Structures are given as structure tokens and as C-alpha cells.
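Quick note on the working numbering: the sequence shown kicks off at -1 and runs consecutively. Before any comments, here is the structure.
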Amino acid sequence: MSVTDTVGPTAGPPRTINAGGQSAPPPPPRRSRGLNVGQRRKLRTGLLFISPWIIGVLIFIIYPVVYSIALSFTRYSGMEAPTWVGIQNYVTAFTDPMVGKAASNTIFYAIIAVPLGLLIALALAIAMNQNVREVAWYRTIFYAPSLIPAFAMSFIFIVFLNPQFGVFNQVLNLFGGANVNLLGDPTGVKIAIILMAQLGAGNAALIFLAGLRNIPKTIYEAARVDGASPLRQFFAITFPLLSPVLLFNLITGISGSLQVFTEAFIVTNGTGDPDAGALFYMMYLYKNAFGFAELGYASALAVILFLVGLALALLVYWLSRRFVNYDVEAG
């Protein structure tokens, strides 16, 4: 039992007196939900420092996305005012046979290029993580091809795979093989572009290397004491603890595979031939926008690509809960 004792109008906050006659401590003061002067000053300073990034995102990402979505519902050539057509561009996209051809080429590329790229990058990272004296040279050699611009590498591959005097066919001739024109075959040109993309595996390899360096060495030492073989150590230790890095490289690999363009454009001189074998989705989008002056239709294709990429990313993140392990600290 307690009573509240208030003495005079200026006696301060009321005191609570319990049954024993002792005054109970006053309740703690309520915290203001607003920011004080120092916190507001820090917030303004932080916003000022990141304002270039915010402005860049608004101008170069948010605005183009919103503008593309708006254009996707119009017929627009870039030379006259847009004309509203509703969902007609999307209906055309799902009935256009060339969209299906471009999508199938892109899926073919992604199914082969992404897993192959992850395997090559992981192998390079393991090689770069070896404790040998020349490892710095190995890292430089393995990473150097990824520094070559895509257009320059494309020209190199054109000469390398030339059916008359290319190095590839000269090697085949040494072993009694006949000349092969990979760039003249619908499937061969896709394989060539997939192999070309693997020369850029050094970027993903560096990320894998950072993940490998973050795994505590004591775990490997304990596994060796227990008699685990190197293969067992890889599948029981390295692969599970490297899964967050694998997830990152998988997401970026899928995103890059959906946007393959430069290599195919240069190798085929912008045609996507032979027989539309190298007509990838981004190339068909580019041709509609700048070749056929169908910017509204190209915007619809871009929106569809964005939604497909977003859906795949969400699917991978959902599936990652089954295999990604974040329970590791740097040793």
C-alpha cells in the first residue's frame, strides 16, 4: 500500500510513500523521442558527406529506372513525343520470336558461364593462397587477364579463332585435326564468348581469396590432427565457411550473365550472327533502342530484364538460407 504526498504547488514531482513510511525513488525521466542539438548536427554532417552518393543514386539509378518504366508504356522513337500504348509493348515482347531466341541464348550462356566461372575463380583463389615464396607473382599472373578491356579481348579472340590462320586451328593442324570455324557456328560462337568471359575470373578470385584468408587456420590444424585429408578439409571446412563469398560471386555472376553484350557485339560486328547464335538479350534490346528507334519497346524489354534479375536474386537469397554459413570469425 502506498500514498502520494504532494506539498504545495512548487514542491516538485510527487513522492510515493510506501506502507513503512519511506519515500520511494521517483520514476526515471522520460526520454525525448526527438534528436538533441548534437545529434542533429551529426546527422547534418553525415548527410553532407554522403550527399554526392545520394545525388548520384537519384540521378543515375532512380531517375533512369522510373523514366524507363514510364517509357515502356509508350511508343517512342526519340525524335517525337511519346505516344501512350498501355501494355502493348509487353504483349509484343512475350510474342516476339526474337525475344525468345535472345532469351534462350542468354540462358544458355548463364547456365554454363556462371558455374564455370565460379569453379575457375575458386581454383585460382586456392592457388593464390598457397604458402610459397613466388605466390605474389602467381597472384599477379592470374589476375592480369581480368585487367584487359573486353573490347580488346574480343579482338584478340577474333584473331585467335580465325579459321584460316588463327592459333587455335594451327594447334589443331599440328595434331592432324581439320580447321574449325567456331565463330561461324551458332553454338560455337556462344562457347567462344563463354571461354572469353573466363579470362575475367581474376576479379572473383580475389574475393574468394579474401574469404579464404578469413578462415581461421586453427580449424585446419584441428582437422589435420583428426586425420582429415585435404579433400575432406575442403568440403567440410573451406566450402561451408566460404559460402557467403560464394553467394556474393553467384549473385554478381548471374547479374553479369544476364547483361552480356560487349564481347558478342564486337565478335559478331553487332549482328548477333551466325543464325542469331550470339544474339543475347542485351544486344536485342540495344538493337531495338538504337537500331530500330523503338525506345518504348526497348524500355519494356529492360523492365522485363530488371524483374527477371530481381526475381533470380531473391530466389538465390531464399535458397542461400540452406547453405550459407556466417558463423566464422577471422583467426
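From the three backbone atoms N, C-alpha and C, an ideal C-beta is built for every residue, glycine too. Since we're looking at a predicted model, the values are computed, not measured.
My understanding is that residue i touches residue j, with C-beta atoms under 8 Å, so please give their C-beta distance in whole angstroms.
i      : j      : result
Leu248 : Val314 : 6 Å
Arg211 : Asn87  : Arg211 to Asn87, Cβ: 49 Å. No contact.
Val258 : Phe278 : 5 Å
For residue i, tell me which candidate among the options has the shortest Cα-Cα distance.
i      : options                        : result
Thr185 : Ser102, Ile235, Ala176, Glu132 : Ser102
Ala119 : Asp271, Ala199, Ile139         : Ala199
Val63  : Leu116, Phe304, Pro147, Phe321 : Phe304
Asp273 : Lys188, Phe149, Val55, Met77   : Lys188
Ala300 : Ala68, Gly44, Pro143           : Ala68
Val89  : Tyr107, Phe106, Ile105, Ser70  : Ser70
Ala79  : Leu293, Leu308, Gly209, Leu56  : Leu293
Leu312 : Tyr141, Thr250, Asn267         : Thr250
Pro143 : Gly182, Gln168, Leu193         : Leu193
Ile109 : Ser49, Ala287, Ile252          : Ile252
Please report the distance separating the alpha-carbon of residue i from that of residue j.
i      : j      : result
Ala328 : Tyr218 : Low confidence applies to Ala328: its pLDDT is 47, below 50, so where it sits in the model is not reliable enough to give any reading.
Gly6   : Gly36  : Confidence in Gly6 is poor, its pLDDT being 47 and thus under 50, which makes the residue's placement unreliable; the coordinate value appears in the next sentence. Using only the alpha carbons, I get a separation of about 37 Å.
Phe246 : Leu204 : 12 Å
Leu117 : Phe290 : 39 Å
Thr4   : Leu33  : Confidence is the limiting factor: at Thr4 the pLDDT is only 49, short of 50, which leaves the residue's position unreliable, though a coordinate-based value still follows. One C-alpha to the other measures close to 33 Å.
Ile60  : Asn179 : 44 Å
Arg137 : Ile124 : 10 Å
Phe166 : Leu244 : 33 Å
Met96  : Tyr282 : 8 Å
Pro161 : Asn177 : 6 Å
Asp224 : Gln231 : 11 Å
Ala220 : Ala195 : 38 Å
Tyr141 : Ala134 : 11 Å
Ser0   : Arg38  : Residue placement at Ser0 is flagged as unreliable, the pLDDT there being 48, under the threshold of 50; the coordinate-derived value follows with that caveat. Rounded to whole angstroms, Ser0 to Arg38 spans 42 Å at the Cα level.
Phe173 : Ser152 : 26 Å
Ala9   : Ile52  : For Ala9, the predicted model reports a pLDDT of 49, less than 50, meaning its position is unreliable; a value from the coordinates is still stated below. Approximately 52 Å, taken between the alpha carbons.
Could you give the first and the last residue of the continuous alpha helix (DSSP H) run that contains residue i?
i      : result
Arg39  : 35 to 55
Pro228 : 228 to 231
Pro143 : Note, Pro143: premise wrong, no alpha helix (DSSP H); not H, not E.
Val301 : 293 to 321
Is it the case that the Cβ atoms of residue i and residue j are separated by a distance below 8 Å?
i      : j      : result
Phe155 : Ala111 : no
Asn323 : Leu239 : yes
Ala148 : Thr260 : yes
Ala91  : Ala298 : yes
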